[in-house]
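Report on one structure; see the data block that follows.
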Amino acid sequence: MSDTTRHIKHNALRPETIAAHTLKSTDEATGAVAPPLYTSSTYARDQSYTPKLRENYVRNGNPTLWQAEQTIAALEQGEEALLFASGMAAITTLLETVPQGGHVAAPDVMYYGTRDWLKRLEAKGRITLTLFDAVKPEALAGAVQKGKTDLLWIETPLNPTWDVIDIAAAAKTAHAAGAILAVDATASAAVTTQPLLLGADIVFHSATKYLNGHSDVLAGALITRKLDQRWQEIGMLRTKIGAPLAPFESWLLIRGLRTLFVRYRQASQNALALARHFEKHPKIERALYPGLASHRGHDIARRQMTDGFGGMLSLLVKGGATDAVRVCTRLKVIVPATSLGGVESLAEHRKTVEGPASPVPDNLIRLSIGIEHVDDLIADIEQALG
Ligand SMILES: *Cc1c(COP(=O)(O)O)cnc(C)c1O
109 MSDTTRHIKH NALRPETIAA HTLKSTDEAT GAVAPPLYTS STYARDQSYT PKLRENYVRN
169 GNPTLWQAEQ TIAALEQGEE ALLFASGMAA ITTLLETVPQ GGHVAAPDVM YYGTRDWLKR
229 LEAKGRITLT LFDAVKPEAL AGAVQKGKTD LLWIETPLNP TWDVIDIAAA AKTAHAAGAI
289 LAVDATASAA VTTQPLLLGA DIVFHSATKY LNGHSDVLAG ALITRKLDQR WQEIGMLRTK
349 IGAPLAPFES WLLIRGLRTL FVRYRQASQN ALALARHFEK HPKIERALYP GLASHRGHDI
409 ARRQMTDGFG GMLSLLVKGG ATDAVRVCTR LKVIVPATSL GGVESLAEHR KTVEGPASPV
469 PDNLIRLSIG IEHVDDLIAD IEQALG
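Residue 109 is where the sequence shown starts when you use the working numbering, and the numbers rise one by one after that.
So this is what it looks like as structure tokens:
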């Protein structure tokens, strides 16, 4: 059993409590209730010439970052978490641990930054790559090659169709082949899904999104189930590349984490109401949301997302790209902007962002639903469609 699991068990604290206090509710040195921000780039050694906490240079980390990491590790029930300067810094560092020529399997529809990076590594001969149809479980199983695949990378729910991949089944497939399973769980926070408990080896979050939740931090997190050689390498790489999250961003992230549960639950509740409202709307071709019984991932989502289906959904408007863009520009409350997981709702025409090579449908609007009053959001989309 991991340290963090023991921590939760021993203290009999529930995850909501751990998040609200970000593990420690007072600073030992001063009694400050709000966690302090340590900006120092270096830390003094003591009389015996040992660092007081851990390494004493900020490229290794800093006390503010460690508090955020320990909180995230506890929420994910992992052994350890590492925070990076961005989600992409975390992903590219993990991919750096794939051996030369190693095989990676990943879904064909997913966060485009990860897909582009995987394709780049493949084009350079650094890895071999199989992209599989995420909607077909047999395609995932077929993409993983026994004794050859090093890493099975999945994302759930998937950007921007919000299709759901069965984490437990993916873990079985990966492990039977001698591969590890890494899960991009950015859209399904630990509030509702804990991939490590379902068999994943590493969880990834763009902490820019729900974990921070206030659209004012760029950050990425990796959380591990075990402290193995690969994990040591990831930690070493983060220091050598110089990619740890900076103190101020760590501090903002701590501030955001404290309200994670209430934010995520409210966003889930709003998104479900909104999806139900627009599902059968005359101007809408289809609503994609894992919480809808009509969604093809709904059965897995019900098992795997135990406390809400998240705030992410997509609406396919009747018509083409111009019609979808027009809806985005007519919105008055929902902000036409990229990113997700903030307290304010955002809408985006995904095809414009991803470019013409993207497999995303022309008429798809991706919505990140926030914590506003849901009636204001529904009315806003109604007037934009009208
Ligand atoms: C935003 C995002 C990323 C990349 O994270 P950054 O923090 O922007 O670098 C990766 N995966 C998903 C699902 C994302 O939404």
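Glycine is no exception: its CB is placed at the ideal position from the N, C-alpha and C atoms.
Being a predicted model, the structure only gives us computed values, none of them experimental.
Check                                                                                                                              : Outcome
Supposed close pair Ala-308, Val-291 - CB separation, criterion 8 Å                                                                : 5 Å
Cβ-Cβ distance between Tyr-146 and Lys-160 below 8 Å                                                                               : no
Strand pairing of Ala-284, partner residues [DSSP]                                                                                 : Beta-bridge pairing links Ala-284 to no other residue.
Beta-ladder partner(s) of Ile-240, from DSSP                                                                                       : Before going further, note that residue 240 is Phe rather than Ile in the sequence given. According to DSSP, Phe-240 bridges with Pro-215.
Any 3 or more C-beta pairs closer than 8 Å across the stretch 404-423 and the stretch 251-271                                      : yes
Contact under 8 Å by Cβ, Lys-256 with Ser-447                                                                                      : no
Alpha carbon of Asp-484 to alpha carbon of Val-441, nearest angstrom                                                               : 8 Å
N-terminal and C-terminal residue of the alpha helix (DSSP H) that Ile-477 is part of                                              : Neither: Ile-477 is in no alpha helix (DSSP H) and is coded neither H nor E.
Short Cβ contact (8 Å threshold) for Leu-424 with Glu-393                                                                          : yes
Beta-carbon proximity list for Leu-326, same chain, < 6 Å, skipping 5 on both sides                                                : Ser-194 and Thr-316
Contacts around Val-443, its chain only, beta-carbon distance under 8 Å, and the 5 residues preceding and following it disregarded : Glu-452, Ser-453, Leu-454 and Ala-455
Ala-297 Cβ short of 7 Å to ligand 1 heavy atom set                                                                                 : no
At least 3 beta-carbon pairs within less than 8 Å: the stretch 164-180 vs the stretch 344-364                                      : yes
beta-carbon Asn-168 near ligand 1 non-hydrogen atom, thresh 7 Å                                                                    : no
For Leu-396 and Leu-421, believed in contact at Cβ under 8 Å, the rounded distance                                                 : 6 Å
Closest Cα partner of Leu-493 within the set Pro-467, Ala-465 and Asp-431                                                          : Asp-431
Between the CA atoms of Gly-210 and Ile-477 - distance to the nearest angstrom                                                     : 38 Å
7 Å CB neighbourhood of Ile-342 in its chain, flanking five on each side removed                                                   : Leu-190, Thr-201, Leu-202, Thr-205 and Leu-330
Simplified DSSP state of Asp-484, which is helix, strand or coil                                                                   : helix
Exposed unless 16 or more other CB atoms sit within 10 angstroms - verdict on Gly-233                                              : exposed
Buried versus exposed, by CB contacts within 10 Å (16 or more), Ala-142                                                            : exposed
Limits of the unbroken beta strand (DSSP E) element including Gly-328                                                              : 328-332
Simplified DSSP state of Ile-116, which is helix, strand or coil                                                                   : Residue placement at Ile-116 cannot be trusted, given a pLDDT of 45 that sits under 50; what the coordinates show is reported in the next sentence. Ile-116 falls in the helix class under three-state DSSP.
Alpha helix (DSSP H) segments (min. 4 residues) lying fully within the stretch 309-365                                             : 337-349 and 355-365
Helix, strand or coil at Ala-278 [DSSP, three-state]                                                                               : helix
heavy atom of ligand 1 below 7 Å from Asp-292 C-beta                                                                               : yes
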